[in-house]
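**Student:**
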Amino acid sequence: MTLPKAAASNPPLRRIYPLLCAHFGHRNWWPGDTTLEIIVGAILTQNTAWSNVEKAIGNLKKQRLLSVKRLREIPVEELARLVRPSGYFNQKAKKIKNFIAFLDTRYAGSLAGLRRAPLERLRPELLRVNGIGPETADSILLYALDKPVFVVDAYTRRILVRHYYFEPDPSYDEIQERFEKELETDLDLYNDFHAQIVATGNRYCRSRPRCAGCPLEHLPHREE
DNA sequence: GACCAGGCACATC
DNA sequence: GATGTGCATGGT
Numbered sequence: 126m127t128l129p130k131a132a133a134s135n136p137p138l139r140r141i142y143p144l145l146c147a148h149f150g151h152r153n154w155w156p157g158d159t160t161l162e163i164i165v166g167a168i169l170t171q172n173t174a175w176s177n178v179e180k181a182i183g184n185l186k187k188q189r190l191l192s193v194k195r196l197r198e199i200p201v202e203e204l205a206r207l208v209r210p211s212g213y214f215n216q217k218a219k220k221i222k223n224f225i226a227f228l229d230t231r232y233a234g235s236l237a238g239l240r241r242a243p244l245e246r247l248r249p250e251l252l253r254v255n256g257i258g259p260e261t262a263d264s265i266l267l268y269a270l271d272k273p274v275f276v277v278d279a280y281t282r283r284i285l286v287r288h289y290y291f292e293p294d295p296s297y298d299e300i301q302e303r304f305e306k307e308l309e310t311d312l313d314l315y316n317d318f319h320a321q322i323v324a325t326g327n328r329y330c331r332s333r334p335r336c337a338g339c340p341l342e343h344l345p346h347r348e349e
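Note that this note's numbering has the first sequence beginning at 126, numbered continuously upward.
#1: Give the straight-line distance between the Cα atoms of Val-323 and Gly-150, rounded to the nearest whole angstrom.
#2: May I ask which residues mark the beginning and end of the alpha helix (DSSP H) holding Thr-230?
#3: Can you tell me whether DSSP reads Gln-171 as helix, strand or coil?
#4: Count the other CB atoms within 10 Å of the CB of Pro-340; is the residue buried (16 or more) or exposed (fewer)?
#5: In the structure shown, what three-state DSSP assignment does His-288 receive?
#6: Count the C-beta pairs between the segment 164–174 and the segment 254–267 that are closer than 8 Å, then say yes if the count reaches three, no if not.
#7: Return the CA-CA distance between Phe-318 and Pro-334, expressed in angstroms with no decimal places.
#8: In terms of alpha-carbon separation, which member of Leu-308, Asn-316, Arg-347 and Gly-326 lies closest to Arg-140?
#9: Arg-241: which of Phe-214, Leu-270 and Ser-332 sits nearest, CA to CA?
#10: How many Å lie between Ser-211 and Leu-204 at the Cα?
#11: Can you give me the start and stop residues for the alpha helix (DSSP H) that His-319 sits inside?
#12: Cα separation between Arg-152 and Asn-316?
#13: Which residue spans inside the segment 226–285 form an unbroken alpha helix (DSSP H) run of at least 4?
#14: Do Asn-135 and Pro-293 come within 8 Å of each other at the CB atom, strictly closer than that value?
#15: Starting from Ile-300, follow the alpha helix (DSSP H) in both directions and report where the run begins and ends.
#16: Is it true that the CB of Val-193 sits closer than 8 Å to the CB of Leu-236?
#17: Have a look at Val-368 and Gln-188 and give me their C-alpha separation to the nearest angstrom.
#18: Please report how far the alpha carbon of Ala-181 lies from the alpha carbon of Leu-207, in whole angstroms.
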């Protein structure tokens with residue numbers, strides 16, 4: 126693996142965290158109150174701005190739908206209507222239903238049972254649910270179920286590539302493996318580090334970056 | 001009006 | 001295995 130010379134002067138990955146944390150403060154993530162709300166939010170936020178997800182979650186809360194029982198009973202068309210503001214609403218309604226069906230089949234509909242299962246078993250199971258890919262699975266595992274997996278998202282990829290930690294188009298697994306290898310296995314660190322990355326992405330490193338003031342501004346970075 | 005946002009599945013080569 | 005496409009709303 127060859128990286129440009131600029132990468133040589135980069136601090137190790139784990140040193141990025143304190144830089145971000147000093148800037149944004151401890152984030153105390155995920156934005157959601159219950160296990161189920163976090164799981165639903167993880168599905169609804171796929172390729173979607175969080176502000177839109179909030180509207181959809183608000184609709185679900187208003188209808189008291191954030192329970193396994195109510196989500197099991199509601200017709201998928203009705204669910205789609207309620208999550209409409211989050212975009213891809215037909216697909217996302219199905220995905221939520223798919224998760225509930227998985228929970229019913231494998232864990233007798235019990236979130237507590239799900240939470241008790243070991244990570245090594247849970248991750249492959251979640252990835253087999255249609256509509257749950259690596260990021261959604263890992264968000265559920267880390268933020269809803271307190272399992273120590275590092276979540277990789279578009280911001281993670283964009284920021285690390287821009288600062289020469291990876292060549293363009295790194296794979297999900299490649300990025301995740303590197304974080305998990307170079308960091309202590311620590312739930313709170315995984316939780317807050319990813320939250321810091323999202324804060325950085327939202328504020329400074331969207332597809333059209335605004336680097337001025339970014340806590341990583343002084344690191345070597347690719348142009349454009 | 002164009003572009004973008006905390007993906008994923010599926011078709012095709 | 002790599003690449004392309006559909007899915008869709010709401011903010012800038």
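Glycine included, each C-beta is placed from N, C-alpha and C at the ideal position. Everything numeric in this text was worked out from a predicted model, so none of it was measured.
**Tutor:** With the given structure in hand:
#1: 13 Å
#2: Note, Thr-230: alpha helix (DSSP H), 214–232.
#3: coil
#4: Pro-340 should be labelled buried.
#5: coil
#6: yes
#7: Each residue's Cα considered, the two are about 20 Å apart.
#8: Leu-308
#9: Leu-270
#10: 12 Å
#11: 312–328
#12: 9 Å
#13: As far as the segment 226–285 is concerned, its whole alpha helix (DSSP H) runs of at least 4 residues are 236–241, 244–253 and 259–264.
#14: In this structure, Asn-135 does not lie closer than 8 Å to Pro-293 by Cβ.
#15: 297–307
#16: yes
#17: The structure shown has nothing for residue 368, since the chain only spans 126 to 349.
#18: 6 Å
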